[in-house]
Structures are given as C-alpha cells and as structure tokens.
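Chains as they are written, first to last, in the numbering used here: chain A, 1 to 141; chain B, 1 to 141.
Number of protein chains: 2
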Amino acid sequence: MAKPNLDMQARTMLKAAALYCTQGRVAILKVLLKAGRPLSQDQIARRSGPGRFDKVTIYRTLESLLKVGLVHKAFMDKRAWHFELAHNCTESQCHPHFTCTSCGDTHCLTEISLPMAKSPHKGFVIHRQQVRLEGLCPACA
Amino acid sequence: MAKPNLDMQARTMLKAAALYCTQGRVAILKVLLKAGRPLSQDQIARRSGPGRFDKVTIYRTLESLLKVGLVHKAFMDKRAWHFELAHNCTESQCHPHFTCTSCGDTHCLTEISLPMAKSPHKGFVIHRQQVRLEGLCPACA
DNA sequence: AAACATTTGCAACTTAGTTGCAGATTTGTT
DNA sequence: AACAAATCTGCAACTAAGTTGCAAATGTTT
Ligand SMILES: [Mn+2]
Ligand SMILES: [Mn+2]
Ligand SMILES: [Zn+2]
Ligand SMILES: [Zn+2]
C-alpha cells in the first residue's frame, strides 16, 4: 500500500516544482522519501535498483531537485555528499543531524532546533545555521 | 619578528605531543598557526612553498597532528577536507565556522558558542556539537 | 657516529564528482 | 495519435581528493 502512495507523492512534488516527471526523478525521490535520512549517490544508486541509473544521471537529478529546494545537501564528514528531502527546515536553519560514533548511522533530529547564533561583533550577517551532533544512538548507548 | 617565534611555538607543540620535529611537521604547523582558519591540503601545500612537500606527506603529517589533537578537521561543504589548529575548543564543542556566501571566505568565530543541544527523546547521548554558519562577512555585508 | 624508530617521496591506485555530446524521454499542441 | 520543442539520459573521458606500499631519507637516542 505504500508503493502507489509514494509514487503519487513524488509526482505531485515534481509537478508542484514544475519539473518533468521523469523515471529517474520519480524513482530517486521515492528512494529519498522512503529513506528519511541523508543518502549518498552510491546509496541512492543501490536503492533504486543496481544499474538502473547512471551515476551522472543521479547527480544531475539531485542537482535539479536541489535547485527547486526539494532536497538538501547534508553534511556528513565523509568524503561523499549526502542528499535528503528538505523537511522541517526553516529559512534559516535545517534540522540537526546526529551521527552515532559507534554504529555510524545518521539520524535527522527534526524535533529539536537550537537558537540561532548571535552575530559576534563587527558586521557578520548570519543567514543560515547548520548543526551536526555526535554521540551514541539509542541502539548503541 | 613573527618567524622565529612561530618556529619555536611549533616545535614546542610537537615536543609536548611527543612527535618527531620534522621539517614537514614544523612547516605545516607554522602555516596553520599563521592562517588561523581551516585550510585544505592544497592551500597548505601552496603556503608552505610550492613543491616543497609531497601531498602524501602533507596528508600523513596532518593525520599525525590530528591523532594527538593538535589539529581538527573542519567541515566546509566543499569537496576537500579542511584542517585547522584546535583552538578555543571544549570537549563537547569546537568553535562555530562562518562562511561568507559572497566572497567564500571562512572565519573561525571563537568568540561565540551555542548552548549544547538537548537530547530529543529516546536515548540519544550527545557528545559533541558542530555548528556552521552562512551569511555575509563584514567586508561583503 | 651507529643503531633504531619514524617519516618522506614516488608511483600507482581508488573513489567522488564533472563535462560534452548524441540519442532518448517528456510534455504540450495539433 | 502524432509532432515538435524542451529537457533529460547514458556513455566515455576527465579532474581532483585522498590512499597504499615500499625503498630511501631524516630524526632521535645512545
Ligand atoms: Mn535530515
Ligand atoms: Mn576554526
Ligand atoms: Zn549507534
Ligand atoms: Zn565575504
């Protein structure tokens, strides 16, 4: 029952963003919807069926989703970028990301948000803030 | 007047960390001391004299400095890692980094620090927190 | 200065991400 | 349904970051 729902959801999002509903975009958006956390190009490729899309296509698809604000690049302290749906994000702050130092899993902490930093002194204008947390996840604590 | 001072400072730090005082380590540490902000391998290479050290050496040197806690890896939202001296950092939080969206420069905001995030619910244990800020620097605002 | 421990450079390799271009899809229109 | 215009896709070739093994060079201790 989740499948057709996800498909609809993805197509609706693309339509609303005035993007072509291509096979690649629908599939990749569904992967991100289902995952609910940041994924690398590599993970997205494997989850959308191995060999289904060229990695160039995946990067370009993600870039188009980025441009219209459907996804965010999340900062992972790994060598590869990770992409995720833009959810629970305000203009000035995306939700914090928590990475477990034991199992390595990353979770989106959409429930919490820190106060924005105050500009320190001489004319820094702060527009956006990004927070990364490290520690032990429930499973590893 | 800054030169011999920096040299001394670098050597003292290395001695204290029980590391060999090699030409590479002294030179790279001096570069980081002088820069006062996160630099990529590439930037470090250029600032320590082009062709002076192999990039492998620079990476391995930085890794040794990392291991003893003299430097930190700072996340830059670029493809390359950036390294900087560990300064004004507590156990749980390094200083925030500010990147100007206009000129691209990154500044270390060692004067400010945000309250630690509160663990949201089910057993997340937060050990460290990292904050990245974006906006306009004094020169660009 | 010798002996030992550690670091260095080189060359070769891996992986993430990018670019150009021709052919395939998508969409809106007849 | 068929067409044309706009856009996307895969391929191949490329750039750039980072890693590994190993022999030669350097740093430290005696
Ligand atoms: Mn997230
Ligand atoms: Mn810093
Ligand atoms: Zn865990
Ligand atoms: Zn600026």
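Here a beta-carbon is modelled for each residue, glycine too, at the ideal position from N, C-alpha and C.
Asked, Found
"Verify the CB distance criterion: does A:Lys118 have a CB-CB separation below 8 Å to chain B?", "yes"
"Which first and last residues belong to the beta strand (DSSP E) in which A:Val71 is found?", "71–74"
"Measure the alpha-carbon distance for B:Met13 versus B:Leu70 and round it to whole angstroms.", "8 Å"
"Alpha carbon to alpha carbon, what distance is there between B:Phe83 and B:Leu62?", "8 Å"
"If you follow the alpha helix (DSSP H) that A:Val56 is part of, which residue opens it and which one closes it?", "55–67"
"Which runs of the beta strand (DSSP E), 3 residues or longer, sit entirely within the segment 11–55 of chain A?", "none"
"Distance, Cα to Cα, B:Val68 vs B:Pro38?", "18 Å"
"Between A:Leu6, A:Asp105, A:Leu29, which lies nearest to A:His72 when the distance is taken from Cα to Cα?", "A:Leu29"
"Under 7 Å Cβ-Cβ, which residues of chain A neighbour B:Lys67?", "The contacting residues do not exist; B:Lys67 stays about 16 Å from chain A at best."
"Run through DSSP, which three-state label would A:Leu6 get?", "helix"
"Would you call B:Arg64 buried or exposed, if buried means 16 or more other Cβ atoms sit within 10 Å of its Cβ?", "Looking at the sequence itself, residue 64 of chain B is Ser, so the reference to Arg does not match. So B:Ser64 ends up on the buried side."
"Quick check: A:Gln43 and A:Ile58, are their CB atoms within less than 8 Å of each other?", "no"
"Does DSSP put B:Phe83 in a helix, in a strand, or in coil?", "strand"
"Could you check whether B:Thr101 and B:Gly135 sit closer than 8 Å to each other, using their CB atoms as the reference points?", "yes"
"If you follow the beta strand (DSSP E) that B:Gly135 is in, where does it begin and where does it stop?", "125–136"
"With DSSP collapsed to three states, give me the class of A:Cys140.", "coil"
"For the beta strand (DSSP E) containing A:His97, name the first residue and the last one.", "97–100"
"Measuring straight from C-alpha to C-alpha, what distance separates A:Gly49 and A:Val31?", "10 Å"
"Going by other Cβ atoms of all chains shown within 10 Å of its Cβ, with 16 needed for buried, is B:Cys103 buried or exposed?", "exposed"
"From this set, B:Leu109, B:Gly36, B:His121, which residue's C-alpha is nearest B:Gln130's C-alpha?", "B:Leu109"
"At 8 Å on the CB atoms, spell out the chain B contacts of A:Asp77, in chain order.", "Lys73, Phe75"
"Are A:Pro138 and B:Leu114 touching if we call contact CB-CB under 8 Å?", "no"
"Return the chain-ordered list of same chain residues with a C-beta closer than 6 Å to the C-beta of A:Phe53, the five sequence neighbours on each side being excluded.", "Gly24"
"In the DSSP assignment, find the unbroken beta strand (DSSP E) run with A:His121 in it and report its ends.", "Note, A:His121: premise wrong, no beta strand (DSSP E); not H, not E."
"Measuring alpha carbon to alpha carbon, tell me which of A:Lys55, A:Ala141, A:Glu111 ends up nearest A:Asn88.", "A:Glu111"
"Following the continuous beta strand (DSSP E) through B:Thr106, name the residue where it begins and the one where it ends.", "106–108"
"Using a beta-carbon distance cut-off of less than 8 Å, what residues from the segment 87–101 of chain B approach chain A?", "Pro96, Phe98, Thr101"
"Between A:Gln130 and chain B, is the shortest Cβ-Cβ distance under 8 Å, so that the two count as touching?", "yes"
"List in chain order the residues whose CB is within less than 5 Å of at least one heavy atom of ligand 1.", "A:Glu84, A:Cys108"
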